[in-house]
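Residue numbers (the working numbering): 41 to 421.
Remarks on the structure that follows.
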Amino acid sequence: MKFGTKAIHAGIEPDPTTGAIMTPIYQTSTYVQESPGKHKGYEYARTQNPTRTVLQNNLAALENGKHGICYSSGLGATDAILKLFKPGDEIIASNDLYGGTYRIMVRVFQEFGLTFKFVGLDDPANLEAAITPATKMVWIETPTNPLLRLVDIAAISAITKRHTIQLVVDNTFASPYLQNPLDLGADIVMHSVTKYLGGHSDTVMGAIILNDDETAQRLAFIQNACGAVPGPQDCFLVLRGIKTLHVRMQRHCENAMKVARYLQQHPKVSQVHYPGLESHVGNELAKTQMRDFGGMLSFELKGDSMPEAVRVMESFEVFSLGESLGGVESLCTHPASMTHASIPKEERERNGLKDTLIRLSVGIEDVDDLIQDLEQAIGRL
Ligand SMILES: *Cc1c(COP(=O)(O)O)cnc(C)c1O
């Protein structure tokens, strides 16, 4: 089955009692048993819920994986993965991580005795040098936030396989439509389903997809034992969202490319970070690793004036200022004062994050209106 057909059909059967084509929302906490232990495979809704089961199977199919497991948020999924390890285990992560991932690693799991090393993994040679006998897992994101840098999944997985270390890829920015890390050698794919998979800015959810039966069993155990499960209503909303994932992603990519090209020639813009541009450092890798270039981009204004960047964002009429990404509506954020404000300015700039950087999640509106909005907002400077 090809991607668009899987998005609509994989793991989804009409409801056996009524023939309803949409998966019912099984809004129940428990299931009636005939006699103790004699039941239809469902006992209690933290452990199992039919709406969730259908979504988990659908997600597994989209990532070409065997097992899908959903959690109540992306960070709930990350939390479950980190609970696979024990004190003394070391995890190497790219130094360009989603802030919440960095925070749960350093502020929560470091307290429990896991150790973390943050390394620039856009050069795989840095990984080889960082591995020690205690290293148990490598965690990467690609493309990264907010500079859209690319990490070579196949090259990193060749190294982790040689050292029998697990490789986790946070595939949130690409979505399974653009990139399937398991096919490139990753062991575990993690998603903030909140973003492109849900796609309508109405649900917070996370997911893990993997092939290994034993690790899947441990993760399902953690899902039930620790309890970060999504509710059936949210599972239904995500199933509904996924039915248009391929169509939405096509338009996200098309719009983002046009917006990137528009910004690239703008006299007040100094740099555009979009993997689809020939000028982007990851362009060649993006062409082989991804099927298209995605809906996320960032750009810098000329000069070094944070107030000017803020003024542009305040002037937008179609782009909304807000955290998150991947919904049908276009959003903008100012990483220096929002997501990355806790990092000192000097260190931000060392990592290439300027005060005038604006990040866009390009939505699926009419692209002419998006470009006109950028034109009027930047034009006011
Ligand atoms: C949003 C996000 C997360 C966290 O997911 P939540 O659903 O907000 O818990 C993790 N990684 C990336 C890349 C994200 O964008």
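For every residue, glycine included, the Cβ atom is placed at its ideal position computed from N, Cα and C.
Check	Outcome
Cβ of Leu-161 within 6 Å of any heavy atom in ligand 1?	no
Give the straight-line distance between the Cα atoms of Pro-186 and Gln-290, rounded to the nearest whole angstrom.	21 Å
Using the Cα positions of Arg-301 and Glu-354, report the straight-line distance between them to the nearest angstrom.	23 Å
Helix, strand or coil for Glu-354? Go by DSSP, reduced to three states.	helix
Just grab the DSSP bridge partners of Ser-338 for me.	His-313, Arg-399
Looking at Asn-295: is its Cβ nearer than 7 Å to the Cβ of Val-402?	yes
Which residues does DSSP list as the beta-bridge partners of Lys-327?	Paired residues: none, contrary to the question.
Quick check on the contact list: which residues have their beta carbon closer than 7 Å to a heavy atom of ligand 1?	Ser-113, Gly-114, Leu-115, Gly-116, Thr-118, Tyr-138, Gly-140, Thr-141, Glu-181, Asn-185, Asp-210, Thr-212, Phe-213, Ser-232, Val-233, Thr-234, Lys-235, Val-244, Met-245, Gly-246, Ser-364, Leu-365
In its own chain, which residues sit with a C-beta less than 7 Å from the C-beta of Ala-85, not counting the 5 before and 5 after it?	Thr-68, Ser-69, Thr-70
Please state whether the Cβ-Cβ distance between Ile-248 and Met-230 is less than 7 Å.	yes
Alpha carbon to alpha carbon, how far is Leu-285 from Pro-216? Give it in angstroms, no decimals.	9 Å
Pick from Lys-283, Val-287, Tyr-138, Ala-174: whose alpha carbon is nearest that of Ser-382?	Tyr-138
If we call anything under 7 Å between Cβ atoms a contact, is Phe-276 one with Ile-61?	no
Check whether the segment 234 to 251 and the segment 98 to 110 are in contact - that is, three or more C-beta pairs closer than 8 Å.	yes
Indicate whether Val-321 and Ile-418 have their beta-carbon atoms separated by less than 7 Å.	no
Enumerate in chain order the residues of its own chain whose CB-to-CB distance from Gln-257 is below 8 Å, with the five nearest sequence positions on each side excluded.	none
According to DSSP, what are the bridge partners of His-79?	According to DSSP, His-79 bridges with nothing at all.
So who's on the other strand from Cys-110, going by DSSP bridges?	Ala-247
Compute the Euclidean distance between the alpha carbons of Phe-158 and Ala-133, then round it to the nearest angstrom.	5 Å
Below 8 Å, can you find three or more Cβ-Cβ pairs linking the segment 384 to 399 to the segment 334 to 343?	yes
Do the CB positions of His-380 and Leu-393 come within less than 7 Å of each other?	yes
Taking all protein chains shown into account, do 16 or more other C-beta atoms lie within 10 angstroms of the C-beta of Val-34, making it buried, or fewer, making it exposed?	With the chain covering 41 to 421 only, the question about residue 34 has no answer from this structure.
What separation, rounded to the nearest whole angstrom, lies between the Cα atoms of Glu-324 and Ala-194?	14 Å
What three-state label does DSSP hand Val-233 in the structure shown?	coil
Could you check which residue in Met-330, Val-407, Asp-344 has the C-alpha nearest to that of Val-358?	Val-407
For Leu-224 versus Val-178, is the C-beta spacing smaller than 7 Å?	no
From this set, Ile-171, Asp-119, Ile-411, Ile-52, which residue's C-alpha is nearest Ile-262's C-alpha?	Asp-119
Mind reading off the beta-carbon distance from Thr-63 to Ile-52? Whole number of angstroms is fine, and I expect it under 8 Å.	6 Å
Hey, how far is the Cα of Ala-100 from the Cα of Gln-273?	20 Å
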